[in-house]
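I have placed the structure first, in the form of structure tokens, so that the comments after it can refer back to it.
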Amino acid sequence: MIVGNAVDNGMPNAIPQPPQITATNYSLPLNQGLDICGPQDCNNQGVCIGSKTLPMCLCYVGFSGTKCETNIFNNVNIGDSGHSIICSASDCNNNGICLGTKGSFTCASPYPLCDASDCNNNGLCIGTKNQFRCACHVSYSGERCERAQGTMCEISDCNTQGICLGSKNEFTCLCNLGYTGKRCESRVLDTVAPLAGGLFCELKDCNNNGLCAGTKLLPVCL
Numbered sequence: 001m002i003v004g005n006a007v008d009n010g011m012p013n014a015i016p017q018p019p020q021i022t023a024t025n026y027s028l029p030l031n032q033g034l035d036i037c038g039p040q041d042c043n044n045q046g047v048c049i050g051s052k053t054l055p056m057c058l059c060y061v062g063f064s065g066t067k068c069e070t071n072i073f074n075n076v077n078i079g080d081s082g083h084s085i086i087c088s089a090s091d092c093n094n095n096g097i098c099l100g101t102k103g104s105f106t107c108a109s110p111y112p113l114c115d116a117s118d119c120n121n122n123g124l125c126i127g128t129k130n131q132f133r134c135a136c137h138v139s140y141s142g143e144r145c146e147r148a149q150g151t152m153c154e155i156s157d158c159n160t161q162g163i164c165l166g167s168k169n170e171f172t173c174l175c176n177l178g179y180t181g182k183r184c185e186s187r188v189l190d191t192v193a194p195l196a197g198g199l200f201c202e203l204k205d206c207n208n209n210g211l212c213a214g215t216k217l218l219p220v221c222l
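If you count the sequence shown from 1, position 185 lands on 185 in UniProt numbering, and the numbers rise without skipping.
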């Protein structure tokens with residue numbers, strides 16, 4: 001896969017860095033960090049990483065653009081002779097493979113790309129089989145995300161009113177609507193939403209540790 005319109009050293013020129021999450025005394029707003037992007041946010045079977053507000057599409061060979069919306073072979077540059085001008089290897093750096101025309105092309109890596117099996121603990125692999133980086137999930141580190149940084153936290157660390165991200169020593173609670181605090185220990189008065197059905201919903205109102213937003217009468221599971 002390739003990212004965007006340009007490639008340097010046969011690899012994407014923009015590598016997302018995982019955020020550093022620390023314990024803070026707040027509950028995450030519902031419109032931040034919870035709305036993960038999906039395949040529908042990228043065109044032509046591109047893979048989306050990030051959130052709805054900050055998506056990043058990894059495009060298949062032959063497609064480019066911020067959402068993989070451009071088929072490079074449809075944008076043909078016509079020369080003086082009336083024929084399309086195909087791009088060449090000189091248009092890409094470091095032995096990159098050029099696909100498309102002089103006016104619109106994409107540089108692909110000439111080496112096999114790495115995959116999820118090259119990183120441990122579901123880390124995201126970016127690069128080639130010979131040279132890659134693993135973007136590790138929270139509480140994992142190491143070249144291949146092989147080291148766990150302490151014991152993973154649990155929902156009990158957030159008073160069962162939120163989702164816990166991180167380790168026992170360093171974590172963040174994503175609190176259910178109606179709860180706040182470092183460990184979701186403070187309940188917002190139910191009078192905040194008297195017209196929305198009364199009591200706020202709780203974690204137990206969703207299956208499989210889903211995060212509940214809304215009220216008892218109108219719950220929404222994230």
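Every residue gets a Cβ at the ideal spot worked out from N, C-alpha and C, and that includes glycine. Here the structure is a predicted model, which means the values were calculated and not measured.
*Inter-residue spacing [alpha-carbon to alpha-carbon] between Y179 and N208*: 20 Å
_C-alpha distance - K204 paired with C107, whole-angstrom precision_ = 49 Å
*With distances taken Cα to Cα, identify the nearest neighbour of K129 among N120, D115, Y140, G162.*
When only C-alpha atoms are compared, the closest one is D115.
*D41 classed as buried or exposed, judged by whether at least 16 other C-beta atoms fall within 10 angstroms*: buried
*By how many angstroms is the C-alpha of Q45 removed from the C-alpha of C59?*
8 Å
*According to the neighbour-count rule (16 or more other Cβ atoms, all chains shown, within 10 Å of its Cβ), is D35 buried or exposed?*
exposed
*Opposing strand residues paired with N71 [DSSP bridges]*: F63.
*If you draw a straight line from the alpha carbon of N121 to that of S167, how long is it in whole angstroms?*
14 Å
*Determine the direct distance from the alpha carbon of I163 to that of P194, and round the result to whole angstroms.*
Note on P194: pLDDT 47, under 50, position unreliable in the model; the coordinate value appears next. C-alpha separation (whole angstroms): 25 Å.
*Coil, strand or helix - L28 by DSSP*: Legend: pLDDT at L28 = 37, less than 50; position of this residue unreliable, value from coordinates given subsequently. Looking at L28 - three-state DSSP - the assignment turns out to be coil, as it is neither helix nor strand.
*Separation of A148 from D91, as counted between CA atoms*: 43 Å
*Mind checking Q161: buried by the 16 CB within 10 Å criterion, or exposed?*
When all chains shown are included, Q161 counts as buried.
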